[in-house]
Amino acid sequence: MTLHPMIAALRKHKAGVVLIALQIALTLAIVCNAIFIIYARIENVRRPTGLNENNLFLVTQQWVGAPSGDDAASTQKLDVMLREDLATLRALPDVESVTPTNSVPLLQSSWNGAVALKPGADLRAGNARTTYYFGDEQLLKTFGLHLVAGRDFTAADVVNKAFRDNSQPDIVIVTKALADKLFPGGNAVGKAVYLNGDSKPTTIVGEVERLQVPSVSTWASTFVWNSTIAPIRLNGNFSRYAVRAKPGRLEAAMREVPAALYAANPMRVLDDDSVKSFKDIRAEAYRSDIGMAALMGAVCLILLAVTAGGIVGLTSFWVGQRHRQIGVRRALGARKIDILHYFQLENLMIAGGGAVVGIALAVALNRVLMSKFEMQSMPAYYVLVGLAMVVILGQIAVFVPARRASNVPPVVATRSA
Amino acid sequence: MLSYYFGLALHSLKRHRALTALMVLAIAMGIGASMTTLTVLHVLSGDPLPGRSGSLYYPQIDPRDMADYGPNVEPPDQVTWTDGQYLLKAKRATRQALMTSGMVPLQPAQSSIDPFHAVALYTTADFFPMFDVPMQYGNAWGESEDDAKARVVVISAKLNDKLFGGQNSVGKELRLQETAFRIIGVLGDWHPQPHFYQIYMGRYADNEDIFVPLSTSRDVHMEHDGETDCWGNGGGDDSHLQQAPCVWMQFWVQLDSAQQAAAYKEFLVHYSQEQHAAGRFLRTPNVRLRNVMQWLDYQHVVPSDTRLQVWLALGFLVVCLVNTVGLMLAKFMRRAGELGVRRALGASQQALFGQLLVESGVVGLAGGTLGLLLASLGLWLVRRQPADYARLAHMDARMLLATFALAICASLLAGFLPAWRACRIAPALQLKAN
Numbered sequence: 001m002t003l004h005p006m007i008a009a010l011r012k013h014k015a016g017v018v019l020i021a022l023q024i025a026l027t028l029a030i031v032c033n034a035i036f037i038i039y040a041r042i043e044n045v046r047r048p049t050g051l052n053e054n055n056l057f058l059v060t061q062q063w064v065g066a067p068s069g070d071d072a073a074s075t076q077k078l079d080v081m082l083r084e085d086l087a088t089l090r091a092l093p094d095v096e097s098v099t100p101t102n103s104v105p106l107l108q109s110s111w112n113g114a115v116a117l118k119p120g121a122d123l124r125a126g127n128a129r130t131t132y133y134f135g136d137e138q139l140l141k142t143f144g145l146h147l148v149a150g151r152d153f154t155a156a157d158v159v160n161k162a163f164r165d166n167s168q169p170d171i172v173i174v175t176k177a178l179a180d181k182l183f184p185g186g187n188a189v190g191k192a193v194y195l196n197g198d199s200k201p202t203t204i205v206g207e208v209e210r211l212q213v214p215s216v217s218t219w220a221s222t223f224v225w226n227s228t229i230a231p232i233r234l235n236g237n238f239s240r241y242a243v244r245a246k247p248g249r250l251e252a253a254m255r256e257v258p259a260a261l262y263a264a265n266p267m268r269v270l271d272d273d274s275v276k277s278f279k280d281i282r283a284e285a286y287r288s289d290i291g292m293a294a295l296m297g298a299v300c301l302i303l304l305a306v307t308a309g310g311i312v313g314l315t316s317f318w319v320g321q322r323h324r325q326i327g328v329r330r331a332l333g334a335r336k337i338d339i340l341h342y343f344q345l346e347n348l349m350i351a352g353g354g355a356v357v358g359i360a361l362a363v364a365l366n367r368v369l370m371s372k373f374e375m376q377s378m379p380a381y382y383v384l385v386g387l388a389m390v391v392i393l394g395q396i397a398v399f400v401p402a403r404r405a406s407n408v409p410p411v412v413a414t415r416s417a
Numbered sequence: 418m419l420s421y422y423f424g425l426a427l428h429s430l431k432r433h434r435a436l437t438a439l440m441v442l443a444i445a446m447g448i449g450a451s452m453t454t455l456t457v458l459h460v461l462s463g464d465p466l467p468g469r470s471g472s473l474y475y476p477q478i479d480p481r482d483m484a485d486y487g488p489n490v491e492p493p494d495q496v497t498w499t500d501g502q503y504l505l506k507a508k509r510a511t512r513q514a515l516m517t518s519g520m521v522p523l524q525p526a527q528s529s530i531d532p533f534h535a536v537a538l539y540t541t542a543d544f545f546p547m548f549d550v551p552m553q554y555g556n557a558w559g560e561s562e563d564d565a566k567a568r569v570v571v572i573s574a575k576l577n578d579k580l581f582g583g584q585n586s587v588g589k590e591l592r593l594q595e596t597a598f599r600i601i602g603v604l605g606d607w608h609p610q611p612h613f614y615q616i617y618m619g620r621y622a623d624n625e626d627i628f629v630p631l632s633t634s635r636d637v638h639m640e641h642d643g644e645t646d647c648w649g650n651g652g653g654d655d656s657h658l659q660q661a662p663c664v665w666m667q668f669w670v671q672l673d674s675a676q677q678a679a680a681y682k683e684f685l686v687h688y689s690q691e692q693h694a695a696g697r698f699l700r701t702p703n704v705r706l707r708n709v710m711q712w713l714d715y716q717h718v719v720p721s722d723t724r725l726q727v728w729l730a731l732g733f734l735v736v737c738l739v740n741t742v743g744l745m746l747a748k749f750m751r752r753a754g755e756l757g758v759r760r761a762l763g764a765s766q767q768a769l770f771g772q773l774l775v776e777s778g779v780v781g782l783a784g785g786t787l788g789l790l791l792a793s794l795g796l797w798l799v800r801r802q803p804a805d806y807a808r809l810a811h812m813d814a815r816m817l818l819a820t821f822a823l824a825i826c827a828s829l830l831a832g833f834l835p836a837w838r839a840c841r842i843a844p845a846l847q848l849k850a851n
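Residue numbers (this note's numbering), protein chains in the order written: chain D, 1 to 417; chain H, 418 to 851.
Below, the structure written as structure tokens:
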């Protein structure tokens with residue numbers, strides 16, 4: 001089959017052809033960019049935090065009428081209350097390990113600072129931004145972190161300090177990402193660093209493979225893996241405990257906690273949100289990302305459906321209009337399959353033309369989005385996937401009207417309109 | 418004539434049900450998606466205090482050290498205690514208020530209500546007249562209470578409903594931070610959105626429940642929450658914040674004319690110069706004076722996902738429109754015979770054009786109505802999202818009108834080219850062909 005008569009026919013319907021091609025081009029541009037956004041969001045959600053997330057939950061509670069923590073004596077009182085809570089939780093039958101903590105990944109509440117190789121370096125002077133986790137010797141075990149170098153904290157390392165005390169710890173464990181940034185040559189263990197512009201050195205005693213920061217906002221995206229863990233029990237009028245339940249005993253352990261804590265000390269507030277599984281923390285942190293991905297997905301599907309509907313509608317019209325010509329071609333010896341192929345090839349040409357324009361539009365749209373939103377450059381294969389998608393869509397949409405065209409009997413040629 | 422066209426349009430639309438349904442559905446989905454996202458954008462980028470926001474300004478000065486210094490660096494978003502107090506006492510504007518916020522433990526007198534934490538704003542007397550805050554009962558405090566660190570409190574209507582069943586509670590006692598406060602005023606219906614004057618406790622948060630004089634809040638050690646940004650060897654320790662090199666307060670002024678605003682900016686530069694000369698400010702004067710809408714814009718208060726969704730929806734609407742143009746074209750061209758007969762019988766081109774436009778208008782009206790339903794559904798879905806602005810996503814009369822205007826305009830636009838093509842049919846040719 002030569003293309004010549006087909007092009008001649010298409011030239012008679014310039015407006016219709018241009019409209020379908022334009023629609024395909026716009027659909028391609030929007031769909032590839034939407035899929036790219038969906039993929040970026042899903043990628044974000046799927047990255048592992050570094051925790052062993054199963055059987056982990058978080059308890060946040062506040063003491064009523066607690067000491068202020070402004071002086072040494074009241075800080076010690078708070079610490080006694082904290083250690084009492086830890087002992088209570090560790091004694092529960094379904095609990096494997098417990099650590100006090102200020103936050104966990106994805107919780108959004110974070111304590112951030114900077115690590116420098118020189119003393120007294122300003123917080124803002126670049127260096128390495130980091131987030132701090134404060135816990136005791138059971139933190140690594142409870143979080144389920146993998147130690148890749150150095151050692152874990154021992155009970156003797158752990159100290160306590162008031163929530164508002166700005167002094168820096170003697171030793172820390174850092175993530176591999178942070179260690180590699182500070183010491184590109186490796187071997188960070190045993191080296192001294194300076195936290196938050198302080199002049200007192202802090203020694204790195206260990207490295208963990210991976211630990212995400214609590215914030216999932218874009219402002220934290222530059223230091224997502226830069227975490228620092230200090231062996232400190234923070235004493236304030238509220239406390240948080242990360243609890244690892246025995247395998248399969250998560251729900252039972254979560255049920256036991258409030259009653260046990262109230263029994264140990266009734267002067268505290270635990271509300272509905274106080275005992276939260278890590279699964280819920282994760283779902284909450286990424287709810288808007290997942291919502292956005294779902295919305296984009298839905299819009300893509302509807303967009304493709306509308307475009308397919310448009311192709312079906314216009315092709316049906318053309319089939320109706322060319323009823324007689326089809327009959328003539330059939331009478332002159334064209335087979336049904338020839339007529340079917342004719343419409344399919346015609347659609348392929350229009351969709352192909354539209355797709356070429358669409359690729360340019362898709363790249364342009366990606367540029368616009370990059371300049372207006374925090375977005376990456378779209379890799380070429382998204383455009384190719386989009387191209388394949390609209391071409392296949394066109395072929396599927398054209399099939400029904402083309403089948404109807406191929407069923408036009410040759411006898412139509414002999415009838416007058 | 419219009420009603421005749423209308424009848425013709427209905428007749429023609431009924432003849433091609435599938436095609437009509439496809440067009441109506443495409444327009445409806447385009448309109449539904451666009452109006453949902455535009456309504457959210459409209460609500461989120463609204464003017465919190467219409468008529469007043471133009472004369473309210475947020476001065477920014479730069480007291481930081483030289484670390485991270487560079488050309489065109491924006492000054493910090495908040496002010497220090499020292500600068501805030503100076504600017505407040507200087508009284509160079511018509512009105513000025515210094516503020517920050519925190520969570521305050523509240524112990525209700527009623528035993529039926531457990532103690533809870535309430536969101537509080539610590540501010541100064543001019544806050545209320547400057548932002549034109551309506552009072553349901555009583556009054557706000559004045560400068561003398563500020564100076565006296567008076568134990569007085571103004572509460573929100575919501576808190577008044579919760580604690581006192583909406584009765585006039587002026588004169589009653591309220592225990593905050595284990596201290597007795599006297600209620601002197603109850604706010605009326607006041608919910609500026611975005612929450613422009615304090616964006617660190619939620620950009621679309623509802624207003625605070627507790628308003629306490631700033632001096633009093635420091636006196637009874639009320640906790641400060643929100644953002645604290647320090648430099649040098651500053652720390653976030655609450656009790657030393659007044660001396661620390663940290664910005665943690667918001668300062669607003671009312672300036673009634675452009676001249677006054679220019680003079681105030683001059684005053685800020687002058688103050689910065691003085692402080693620079695005295696060695697307190699290490700940087701050369703770097704000031705900004707933004708009004709409410711400029712401040713919200715600078716802070717990118719509208720979430721970027723919301724703006725992205727508007728772009729997506731408008732793109733979607735364009736595709737739906739192109740789709741409708743194509744379908745209308747097919748439909749009108751198919752009726753060449755009928756149109757030719759009407760032309761031959763004496764109908765002018767304008768008459769045919771009008772008839773076809775009425776037909777596309779009808780499609781637009783149907784699409785708009787269905788689109789409105791879809792937009793309501795869309796907004797209902799938005800309200801179920803966890804974001805703090807979700808509850809604001811309601812359609813108002815303006816957006817309702819805009820929906821229909823958009824639907825009709827869109828479909829007329831979509832009908833324009835096809836109608837123009839179709840009405841240019843030569844009557845004789847069409848009759849001959851038949």
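We put the beta carbon where it would ideally sit given N, CA and C, even for glycine. On a predicted model such as this, the values are computed, not experimentally measured, just so you know.
Residue i burial status per 10 Å Cβ neighbour count (16 or more: buried)
i        : result
D/Arg233 : buried
D/Ile337 : exposed
D/Thr131 : buried
D/Ala125 : Interpretation of D/Ala125 is limited by its pLDDT of 47, a score under 50 that renders its predicted location unreliable; no figure is taken from the coordinates.
D/Ile7   : exposed
H/Glu776 : buried
D/Val174 : buried
Minimum C-alpha distance to residue i - residue among the options
i        : options                                   : result
H/Val571 : H/Phe598, H/Ser561, H/Gly582 and H/Asp549 : H/Phe598
H/Arg697 : H/Ala443, H/His811, H/Ile478 and H/Leu455 : H/Ile478
H/Thr741 : H/Val780, H/Gly771 and H/Trp728           : H/Val780
H/Ala792 : H/Gln610, H/Thr456, H/Ile530 and H/Val739 : H/Thr456
D/Ile20  : D/Arg268, D/Ala351 and D/Asn54            : D/Ala351
H/Gln676 : H/Ser462, H/Pro492 and H/Ala510           : H/Ala510
Per DSSP, cross-strand counterpart(s) of residue i
i        : result
H/Gln671 : H/Leu473 and H/Arg512
D/Arg268 : D/Trp63
H/Met666 : H/Val496
H/Gly468 : The partner list for H/Gly468 (beta bridge, DSSP) is empty, contrary to what the question assumes.
H/Pro720 : According to DSSP, H/Pro720 bridges with nothing at all.
D/Lys14  : For D/Lys14, which the question treats as bridged, DSSP gives no partner whatsoever.
Proximity test, residue i beta-carbon vs the ligand NAD heavy atom, cut-off 6 Å
i        : result
H/Pro467 : Although the ligand NAD was asked about, the structure shown includes no ligands whatsoever.
Opening and closing residue of the beta strand (DSSP E) in which residue i lies
i        : result
H/Ala574 : Per DSSP, H/Ala574 belongs to no beta strand (DSSP E); it is in the alpha helix (DSSP H), Ala574 to Phe581.
D/Ser277 : Val275 to Ser277
D/Ile396 : Unbroken run through D/Ile396 is the alpha helix (DSSP H), Ala380 to Ser406; no beta strand (DSSP E).
D/Leu211 : Careful: D/Leu211 lies outside any beta strand (DSSP E) and carries neither H nor E.
H/Gln553 : Met552 to Gly555
D/Ile173 : Ile171 to Thr175
H/Leu593 : Glu590 to Leu593
H/Leu794 : Looking at the DSSP string, H/Leu794 is not in any beta strand (DSSP E); the run it does join, the alpha helix (DSSP H), is Gln766 to Arg800.
D/Tyr241 : Phe238 to Ala245
Opening and closing residue of the alpha helix (DSSP H) in which residue i lies
i        : result
H/Pro835 : Ala814 to Cys840
H/Tyr486 : That residue, H/Tyr486, is in no alpha helix (DSSP H); it is neither H nor E in DSSP.
H/Glu562 : Glu560 to Ala565
H/Arg434 : Arg434 to Leu461
D/Phe143 : Leu139 to Phe143
Nearest-angstrom beta carbon gap, residue j and residue i [assumed within contact, 8 Å]
i        : j        : result
D/Gly394 : D/Ile311 : 6 Å
D/Leu78  : D/Asn235 : 4 Å
D/Ala242 : D/Val104 : 6 Å
H/Asp642 : H/Met618 : 7 Å
D/Gln108 : D/Ala285 : 6 Å
D/Ser288 : D/Val213 : That belief does not hold up - the Cβ atoms of D/Ser288 and D/Val213 are roughly 18 Å apart, past 8 Å.
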